[in-house]
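Novice:
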Amino acid sequence: MTVRNPDGTGVPEATGQDLVSPDARPPEVLVRPARIEARGFSWRHAGRKDPALSGLDLVIEPGEKVLIAGASGSGKSTLLHALVGLLDDEAGHRGGELLVDGAPPDPRSGRAGLVLQDPDAQAVLSRLGDDIAFGLENQRWPVERIWPRVRQVKDLVGLGQQLDHPTEALSGGQKQRLALAGVLAYAPGLVVLDEPTANIDPVGVPRLRDAVLDSCRETGATLVLVEHRIGAWAEHMDRLIVLGPDGVLADGSPEGVLQDAGLRPVLDAAGVWYPGRSSAVLVEADGMPGTPAGAGKCQEGTAAPEVLLEAEDLAVARTLHGPPAATGISLRLRAGHAVALIGANGSGKSTAALTLAGFLPPRGGTVRAHPALLRHRAVQPPRGRKARRRRDSSDPAQWPAVDLVARIGYVFQEPEHQFLATTVRDELALGLRRTGAGHEAETVDRLLEELRLTRLAQAHPLTLSGGEKRRLSVACMLATSPPVLVLDEPTFGQDARTWDALIGLIRARLEEGCAVLTVSHDHAFARALGAEALSLGVEGKERRR
Amino acid sequence: MSATTMVEGTTAAPSGAGVPAPGTDLLVPVRRRTLMVRTHPVVKLGCAFAVTLTVLLSVDMISAGVLLVALLLALPFSGLDMRVLLRRLWPIPVACVLSGYGTALLAPASGTVLVDWGPLGFSTGSILTGVAIAMRGMVLALAGVLVFATTDPTDLADGLAQRLRLSPRFVLSALAAFRLVGLVIADWRALSMARRARGVERARGPVGIVAGFFALAAALLVQSIRRGTRLAAAMEARGFGGKHRSWARPSLLRPRDAVMPALTVPLCALAAGLAVSLGTWNFIFL
């Protein structure tokens, strides 16, 4: 019996592996772990003054498990791309040397496997099993060994779906597992992971972590991963390296680095969430558990804080037809108070927030803006008589866009969608120009300073790092000082410093009497804001906690 | 389809090869795994090519009519959801009838003149040409729908790369890009909401709508390119782009794949032969 493979080579079934794949691996999938050596390595993106990474000297021995931490913008992602050989020499300037097994890394060799930050952009094929098999095919695994391996890896990462499950229909966390499986499958000598557990709910983190560790133990591969929240990983890793813009800030065993009191300021400056880290904002929040941060101030003189925006028995849906994402939502946004919408992926949190701000029509129920909110409006009236009449409607969907900006600041989940200008400075000034608010220069300078974006003022928003983009998108919405602030997953993938900064900014707004609605998995964030939690369940029924 | 290599026991893909995965609903969803659904994608493509070629060579009612009747008869055997098919694709017959009407109106008069209003007029000859054009359009559309709605894009890509030896780099990149098309619609919605949140008004009035469309299209293009770049990086990071690769889903020809061509080719011959013998065959290149 002969298997004829597409290359036309007849392959006797029993001994066929050698012909299909010259370097066929033995069944137990052992690999030669990779050795990494960097000598004065640097990388500067084209069009940027400062290098993303410079003066990096580093040796990672075969089989080592290395955890990398560092502030957002410290070049962690750049390093990971470099390790896999994905830095395009036309897109920047390289300095020094970075070698994997003594040679510049080549992605096609299959020596390294990288899981990127964005789980959405990583599923290549439309069926789950095919996607895991993709890397195996590229490494020329013989077909009879591909499917057993695919099943094995699928179980290892904890994906319970069938092999023909559509990858589109996976949740964010499942997509992350799939991306991991796609890399672990072909057993690369170097496994590189960029924040593998950032958007996994806390309960799921240990399982995914163990999948990574088990698989690396199984193959003996070298493991390099970046994570801000190092607590779950630190004790399982051989080394912790803290990166700064000018190279390595700290390097040693995780216990050694974390217990060295002298290194604490370095870790804090790098935004590392180490176990037992005391956040300035959190200490303050714990002092008054459950109390809305700004409640004291704006309650002065009035019996209850003013209601700005109200939803009654709201049913929400993304599309005009199809089932509603959630139903029966009733909530009131009050001046100086925060509400946190919580619930699993797909429970309709984002959809509810979009409907509340008038971006989507309600499927049922009503959204009503109160006069206290309608009082705020753009200084420059919108053009057109009809538009001017719509300014005072109690339905946010009717408002002219300039009035919406003056009333509701909405930070979308994907920051890139909201960027319209070509520099960070213009981006921040845009809202102020549209509403004619004035004090443009001072407000922009203050926000740049507050969110540590001053040195990037002239950069193009789309070239910023993930954390910087998030900070910019929040700053854009704070610029026009709207009385209602809606934030969709504001802390996703942020380092501890950015997290603190965001909390600080939002609490300052609460104290000024701003109403805040957040959509987040991050319970600590909701707690730090003293937010009232509103949970959207799978059945679409809300339940108050 | 010459490289017919029949294979007995192989470790075939466990993912029911040939059946679009649940949720793959690009054109019309498949309800039943019929023979047509299970036929090798390249064979189906070949059949569609034969039908298309036959109707394209001649504008006449007989050849187009025979094939149209045959395709309509084949519809129930496609396993497609007929209700969804009618609901989504009704504009196709309407467009075909309109193009037939336009042809009848403008074609040079021949045969008996029925209506004559100066430059516009209907004659028996022009009406027959119009009907032929309408039927031809229907045949082209139906053949395309039958093939592409019953074919999983992944299986088609496998077939093209393995059986027709097209470059895997090209075929798989196209397949991955094709998957992003669905995301473009979601991006368009998100972008228009995000722009309103920044104070950019929803377009009103004809000029505004056109200007707004281009602004949004430019933003969408930027997003699509960035997403594409990220996907390309993810593919490259998994070792894609080398000269050789193996295939997890061997694209194999099976005996049942002979059924569709065995029906299609004689049918095309019959359609053309009947038209020639009845003298209506009207070779377009003459």
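Residue numbers (the UniProt record's numbering), protein chains in the order written: chain G, 1 to 545; chain R, 1 to 286.
Positions of the beta carbon are idealized from the N, C-alpha and C atoms, including for glycine.
#1: Secondary structure at G/Val-367, three-state DSSP: helix, strand or coil?
#2: If the cut is a Cβ gap below 9 Å, which residues of chain R does G/Gly-182 touch?
#3: For G/Ala-406 and G/Ala-387, which I take to be in contact (beta-carbon distance under 8 Å), what is that distance rounded to the nearest angstrom?
#4: Quick one: list the residues of chain R neighbouring G/Arg-108, beta-carbon separation under 7 Å, in chain order.
#5: What in chain R is Cβ-close to G/Ile-146, meaning under 7 Å?
#6: Give the straight-line distance between the Cα atoms of G/Ser-465 and G/Pro-51, rounded to the nearest whole angstrom.
#7: Can you pull the chain G residues whose beta carbon is under 9 Å from the beta carbon of R/Gly-125, in chain order?
#8: With respect to the alpha helix (DSSP H) encompassing G/Tyr-410, which residues constitute its N-terminal and C-terminal limits?
#9: Span of the alpha helix (DSSP H) holding G/Glu-450?
#10: Kindly indicate which three-state DSSP category G/His-460 falls into: helix, strand or coil?
#11: Which word fits residue 604 of chain G, buried or exposed, when buried means at least 16 other C-beta atoms lie within 10 angstroms of its C-beta?
#12: Please state the DSSP three-state secondary structure of R/Thr-24.
#13: Any heavy atom of the ligand ATP inside 6 Å of the beta-carbon of G/Gly-102?
#14: Looking only at C-alpha atoms, which of R/Leu-231, R/Ser-173 and R/Val-139 sits nearest to R/Thr-154?
#15: Provide the residue(s) that pair with G/Lys-76 in DSSP beta bridges, ordered along the chain.
#16: Name the one or two DSSP bridge partners that G/Leu-49 has.
#17: Going along the chain, which residues of its own chain have a beta-carbon closer than 8 Å to the beta-carbon of R/Leu-191, five neighbours each way excluded?
#18: When the distance is taken between beta carbons, is G/Gly-189 closer than 7 Å to G/Arg-35?
#19: Between the segment 117 to 136 of chain G and chain R, which residues of the former have a C-beta closer than 7 Å to a C-beta of the latter?
#20: Under a Cβ-count criterion, where at least 16 other Cβ atoms within 10 Å of its own Cβ denotes burial, should R/Thr-112 be classed as buried or exposed?
#21: Exposed or buried, which one is G/Pro-292 when buried takes at least 16 other CB atoms within 10 Å?
#22: For chain R, is any of its Cβ atoms less than 7 Å away from the one on G/Trp-43?
#23: Taking only the alpha-carbon atoms, compute the straight-line gap between G/Glu-416 and R/Met-193 and give it to the nearest angstrom.
#24: According to the neighbour-count rule (16 or more other Cβ atoms, all chains shown, within 10 Å of its Cβ), is G/Ala-475 buried or exposed?
#25: Which residues bound the alpha helix (DSSP H) around G/His-376?
#26: Cβ atoms of G/Val-84 and G/Ala-112: under 7 Å apart, would you say?
#27: Taking the alpha carbon of G/Pro-254 as the point to measure from, which residue in G/Ala-211, G/Ala-133 and G/Arg-264 has its own alpha carbon closest?
#28: So with Cβ pairs under 7 Å, would you call G/Gly-96 a contact of chain R?
#29: Could you check the C-alpha separation between G/Gly-294 and G/Gln-494 for me, to the nearest Å?
#30: Is G/His-93 helix, strand or coil when you go by DSSP?
#31: Just to confirm before moving on: does the CB-CB distance between G/Gln-413 and G/Glu-489 stay below 7 Å?
#32: Using only CA atoms, which one of G/Lys-175, G/Lys-65, G/Gln-380 and G/Ser-72 lies nearest to G/Arg-433?
#33: In the DSSP output, which residue or residues are listed as bridge partners for G/Ala-37?
#34: Cβ closer than 8 Å: which chain R residues qualify as neighbours of G/Val-84?
#35: Excluding the 5 residues flanking R/Leu-27 on each side, which residues of the same chain have their C-beta closer than 7 Å to its C-beta?
#36: Answer with yes or no whether the minimum CB distance from G/Gln-152 to chain R is below 7 Å.
Specialist: Reading it off the structure:
#1: strand
#2: Within chain R, the residues near G/Gly-182 are Ala-234 and Arg-238.
#3: No, G/Ala-406 and G/Ala-387 are not in contact; Cβ-Cβ is about 14 Å, not under 8 Å.
#4: Gly-239, Gly-241 and Gly-242
#5: Going along chain R in sequence order, the residues near G/Ile-146 (Cβ under 7 Å) are Ala-248.
#6: 13 Å
#7: In chain order: nothing, as chain G lies at least about 47 Å away.
#8: DSSP places G/Tyr-410 in no alpha helix (DSSP H) but in the uninterrupted beta strand (DSSP E) bounded by 408 to 411.
#9: 440 to 450
#10: coil
#11: Here chain G covers residues 1 to 545 and nothing more, so residue 604 of chain G does not appear.
#12: For R/Thr-24, the predicted structure reports a pLDDT of 49, less than 50, and the residue's modelled location is therefore unreliable. A value from the coordinates is still provided. The answer is coil: DSSP assigns R/Thr-24 none of H, G, I, E or B.
#13: The model depicted lacks the ligand ATP and carries no ligand whatsoever.
#14: R/Ser-173
#15: Beta-bridge pairing links G/Lys-76 to no other residue.
#16: With the sequence shown as reference, residue 49 of chain G is identified as Lys, and Leu is not the correct amino acid for it. Paired residue(s): none; G/Lys-49 is not in a bridge.
#17: Leu-216, Ala-219, Leu-220 and Gln-223
#18: No, Cβ-Cβ distance for G/Arg-35 and G/Gly-189 is not below 7 Å.
#19: Asp-118, Ala-121, Gln-122, Val-124, Leu-125, Ser-126, Arg-127, Gly-129, Asp-130, Ala-133, Phe-134, Gly-135 and Leu-136
#20: exposed
#21: Only weak support exists for where G/Pro-292 lies, its pLDDT of 43 falling under 50; the coordinates are left without a value.
#22: no
#23: 13 Å
#24: buried
#25: Segment: none, G/His-376 is in no alpha helix (DSSP H) and carries neither H nor E.
#26: yes
#27: Considering only alpha carbons, the answer is G/Arg-264.
#28: no
#29: Since pLDDT at G/Gly-294 reaches only 41, below the 50 mark, its modelled position is unreliable, and no value is offered.
#30: strand
#31: It is a contact, given that the beta carbons lie within the stated cut-off.
#32: G/Gln-380
#33: Reading the sequence as shown, one finds Glu at residue 37 of chain G and not Ala. Answer is G/Val-59 and G/Leu-99.
#34: Ala-237
#35: Val-145, Phe-148 and Ala-149
#36: No - not a single Cβ of chain R is within 7 Å of the one on G/Gln-152.
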